[in-house]
Amino acid sequence: MTARSPSWYAVMTRPNEEEKAVFNLRRQGFEVYLPRYWRLRKHARQTSRVARPLFPRYLFVCLDVARQPWRSVNSTFGVSALVCQGERPARLPRGLVETLRAREDDEGYIELEAGDGAAQPRFRQGDRVEVTNGAFADCMGLYEGLAGKDRVAILLDLLCRKVRVILDQSAVRATA
1471 MTARSPSWYA
1481 VMTRPNEEEK
1491 AVFNLRRQGF
1501 EVYLPRYWRL
1511 RKHARQTSRV
1521 ARPLFPRYLF
1531 VCLDVARQPW
1541 RSVNSTFGVS
1551 ALVCQGERPA
1561 RLPRGLVETL
1571 RAREDDEGYI
1581 ELEAGDGAAQ
1591 PRFRQGDRVE
1601 VTNGAFADCM
1611 GLYEGLAGKD
1621 RVAILLDLLC
1631 RKVRVILDQS
1641 AVRATA
């Protein structure tokens, strides 16, 4: 099945080369989206904010696979591979990129923290969970485990595979 109009596709980058891939893909004329969030980094009694990719090693590119030379994405500096299903690029679900963009703040960063202070439920590995707020609100996933104080790791079905996402515990609830 061939896409008839531009759609969004996932691109796997080389480790820590998301920005290099964005630069080089844009230079080739592709529309690119790299969702990012602010992460607090504590080091030597100092706290600083650093921009981090929402999906480490992944970004999104808008392509018309019937008209654009999409195979050139694979040979772009910073890119590891365009995510494909078989021989063709794997199209992202409609609205995913638009939903992420709609959840950006004025600076263009996605807010991940919920921080409502409510008592948190406990989950077992493999429990089905739902994200209640933030960039992944209404997404369903599987609980993987704790990822630091008040943070949990869950597996979401994104990018044509299971993607590990770290969220505030208060942003996740058990499903029936």
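According to this note's numbering, the sequence shown is numbered sequentially starting from 1471.
The beta-carbon is built from N, C-alpha and C at its ideal position, and this holds for glycine as well.
In the structure shown, what three-state DSSP assignment does Ser1640 receive?
helix
Measure the alpha-carbon distance for Leu1616 versus Pro1539 and round it to whole angstroms.
42 Å
Can you tell me whether DSSP reads Ala1588 as helix, strand or coil?
Only weak support is given to the placement of Ala1588: the predicted model assigns it a pLDDT of 40, under 50, and the value that follows is read from those uncertain coordinates. Looking at Ala1588 - three-state DSSP - the assignment turns out to be coil, as it is neither helix nor strand.
Limits of the beta strand (DSSP E) - the one that Ala1480 falls within:
1477-1483
Give a yes or no on contact between the stretch 1528-1544 and the stretch 1557-1567, applying the rule of three or more CB pairs nearer than 8 Å.
yes
If you drop the 5 nearest sequence neighbours on each side, which residues of the same chain put their C-beta closer than 8 Å to that of Val1492?
Val1502, Leu1504, Leu1529, Gly1548
Let me make sure I understand the geometry here. Which of Phe1525, Ser1545, Arg1561 has the alpha-carbon closest to that of Asn1486?
Phe1525
Distance between Val1543 and Val1520 (C-alpha atoms, nearest Å):
28 Å
When you compare each of Ile1624, Arg1496, Tyr1479 to Gln1555 by their alpha carbons, which one comes out closest?
Tyr1479
Can you list, in chain order, the residues of its chain with a C-beta nearer than 6 Å to that of Ala1623? Leave out the 5 residues immediately preceding and following it.
Glu1614, Gly1615, Ala1617, Arg1634, Ile1636
Express the C-alpha separation of Lys1490 and Arg1621 in angstroms, rounding to a whole number.
29 Å
In this structure, what does DSSP give as the bridge partners for Tyr1613?
Ile1624
Expressed to the nearest angstrom, what Euclidean distance is found between the alpha-carbon atoms of Arg1515 and Trp1508?
19 Å
Let's test the definition: count the other Cβ atoms within 10 Å of the Cβ of Leu1626 and tell me whether it reaches 16, buried, or not, exposed.
buried
Which residues does DSSP list as the beta-bridge partners of Leu1529?
Val1481
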